[in-house]
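Residue numbers (this note's numbering): 1271 to 1790.
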Amino acid sequence: MALSLALPRFVALRTRYETEGQAVTKYVRFLHEDGDLHGFLRADGDEIVTPYTKFELEKAESGDDSYHIRNCYNNKYLVIKEGTMWYIGGADEPEEDASKSNCTVFFIRALVGSNNYIIRPANLPHFFLHRATVSTVFDHRMLNCLHRFNGASTSYEIIDFDSIIVLPKYITLPNPGEGLYLSSRSLSGRQFLQFGSDDYLDTTTWFETFTTNDGGARIMCKSSNRFWRKDSTWVFADSSNSTGEDTLFWPVKTEGNAIALRAWHNMYCHRHTANGMADCLALTANSISTNSLLHIEEAVRSREIYNVSFRTLDGRIYDFSKPLIVTQDVDNWSQQSTQDGELRFTYTETKSSRWDHLESWMVEASMSLSSKIPFLVQTTISIGAGYEGSYTWGETEETSKEISTNLRVEVPPMTRTRVTMIVSKGAIDVPFSYTQRDTLYDYSTALTQKHDGIFTGVTTYVKYDIAEESLIAPKQSIAEESLLAPKQSITEESLIAPKQSIAEESLVAPKTEGTVSVSA
């Protein structure tokens, strides 16, 4: 039996199974590697904190337990690959209609007495989102990939991604109220962690963090290369063990750039004074209090982002606006000569660009960005002129300006040339990799290659369609003439205005050459 429950917005999907006789825990991930399986989903990920294992659950309209599932690497929705039974992260837009094969709605229901969930596609009511096994597929390349299956369902543990905190690599931990930094101090022959330094350039206040595959953290003192270690009461900075359980902590996000650190038995680190040790880090609190808050600052003087490489193959195109259509005509009534016509079109060009990444910490140091800018041309993502300068992650650079274009056309004799301007606007999401170069407090540098970038842009693009039509009325055939009103009698003809003489004809308005008529 399954139940409907409220779910987090950002999640990781974890599943457990046996392989080669051993029980393993794996995360569902987007296959970003180039090759035949690019874009497929596979339950074989070892790390939880990657852009490939982060998914967004977007509420659908088919019931309380209905969702669209979107992979945060490329912001595309999970959908079945056309003509197959396999699921990919490949839909640019959500589709609610369960009668369509590209429906992106899934029902997610909790199993009674369990922390696990089953996932069922709305357009296949008797199937489940299943991890492929040797008994369900013949192609071993597809093992552990997700497909539709009408047998036993794979169950998934849904992890709140926002509860997983990845600490910045290089940090200091100030106490904002007193201006004191946490530092590694030798007290009574032991290496305590004490709020005792007022200088952020004191090397004993610099720490380096290491994130484990499941989101835990180990913290090392840069001055001694020793890890934090939890004891029964105090936290010491004296361990050389980078894998032990006693050096593992779990960051908990609180407010702003503050965290709490949880250790075993759900005990929290906090500022504590006892036995002659003042304002030292201890492990005796069973809940989060003001003294548990550790404020994070990056120990970085400046940051450069460059070598930005966009994955246009995984780009998403969406949110098209209703196009603006303006039509103008140029008429050439001359029977002999081609004439030039000039038309003027005006439209508003709107552009925006935003670079973002997986981490959410505010950077105090200045950051510079050097990057090309993706843009949309009809249904294709191209890479154009670049941006270079200071930048803050997640900040939107937006411009809007009025553009006028003079368009010259050649119009053949007795022809109307019709020019139609079509102004469209659409949005794109494009994943990117980049190099991050940090200058630390001691002026040393740290280079990191990252793959968690996502570019979001809005582009205005213009297309001109040109068509021609003859101004000469088509001649009627004899058959068509016979369908007209019968010839008038002499008496009727006498009621018709007499034919004009040559002199009278000269009073008739002449045919206009090069006349421009505008219609919107």
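Glycine included, every Cβ here is placed at the ideal spot set by N, Cα and C.
Approximately 5 Å separates the beta-carbon atoms of Glu1738 and Thr1687; this is inside 8 Å, confirming the contact. By the CB criterion at 8 Å, Gln1605 and Pro1682 fall outside the cutoff. For Val1375, the enclosing beta strand (DSSP E) covers residues Val1375 to Leu1381. Ranked by how close their Cα comes to the Cα of Met1490, the residues Tyr1470, Thr1560 and Glu1478 have Glu1478 in first place. By the CB criterion at 8 Å, Asp1430 and Pro1278 fall inside the cutoff. Listed as beta-bridge partners of Glu1568 by DSSP are Ile1441. Taking the C-beta atoms as reference points, Tyr1588 is found no nearer than 8 Å to Ser1562.
Exclusion of the five residues before and after Thr1690 leaves Thr1597 and Asp1735 as the residues of its chain whose Cβ lies within less than 6 Å of its Cβ. For a cut-off of 8 Å, the C-beta gap from Ser1332 to Ala1368 is around 7 Å, short enough to register as a contact. Residue environment: Gln1461 is assigned as buried (16 or more neighbouring CB atoms within 10 Å of its CB, all protein chains considered). Rounded to whole angstroms, the Cβ separation of Thr1374 and His1400 is 17 Å, and the two are not in contact under 8 Å. Between the alpha carbons of Tyr1343 and Ile1724 lies a gap of roughly 7 Å. Around Leu1564, the same chain offers Leu1443, Leu1452, Ala1528, Ile1529, Ala1530, Leu1531 and Cys1539 as residues with beta carbons nearer than 8 Å, after the five sequence neighbours per side are excluded. DSSP places Asp1589 in no beta strand (DSSP E); its state is neither H nor E. DSSP, reduced to helix, strand and coil, places Arg1488 within a strand of the structure shown. Here Asn1536 carries a helix assignment [DSSP, helix/strand/coil]. Per the DSSP secondary-structure output, His1542 pairs in a beta bridge with Cys1550.
Secondary structure of Met1637 (DSSP, three-state): strand.
DSSP places Pro1701 inside the beta strand (DSSP E), whose first and last residues are Thr1685 to Leu1710.
Straight through space, the alpha carbons of Leu1457 and Ser1512 are spaced by roughly 23 Å. Fewer than three pairs of CB atoms, one per stretch, sit closer than 8 Å, so the segment 1707-1721 makes no contact with the segment 1652-1664.
If you ignore the 5 residues before and after Pro1438, its C-beta comes within less than 6 Å of the C-beta of Glu1568 and Trp1631, all in its own chain and listed in chain order.
In the DSSP annotation of this structure, the continuous segment of the beta strand (DSSP E) that includes Thr1620 starts and ends at Gln1609 to Asp1626. For a cut-off of 8 Å, the C-beta gap from Tyr1426 to Arg1284 is around 7 Å, short enough to register as a contact. Per DSSP, reduced to three states, the secondary structure at Glu1515 is helical. For Asp1304, the secondary structure class from DSSP, reduced to helix, strand or coil, is coil. If you draw a straight line from the Cα of Ser1623 to the Cα of Leu1646, it is about 12 Å long. CA-to-CA, the gap between Phe1280 and Val1319 works out to about 12 Å. Close CB contacts of Ala1533 within its chain, under the 6 Å cut and outside five residues either way in sequence, are with Lys1500, Phe1519 and Leu1553 (chain order). With a contact defined as Cβ atoms closer than 8 Å, Thr1616 and Ser1674 qualify at about 5 Å.
The beta carbon of Gly1485 sits closer than 7 Å to the beta carbons of Ile1318, Val1319 and Ile1434 from its chain, once the five residues preceding and following it are set aside; these are given in chain order.
In summary, Asn1495 is exposed, with fewer than 16 beta-carbon neighbours lying within 10 Å of its beta-carbon over all protein chains present. Measuring C-alpha to C-alpha distances from Trp1603 to each of Ser1740, Ala1548, Ser1493 and Pro1446 identifies Ser1740 as the nearest.
A check of alpha carbon separations from Lys1492 across Tyr1322, Gly1459, Asn1445 and Tyr1440 identifies Tyr1440 as the nearest. Within 10 angstroms of the beta-carbon of Tyr1387 lie 16 or more other beta-carbons, which makes it buried. Taking a C-beta distance under 8 Å as the contact criterion, Tyr1347 and Leu1311 do not qualify as a contact pair.
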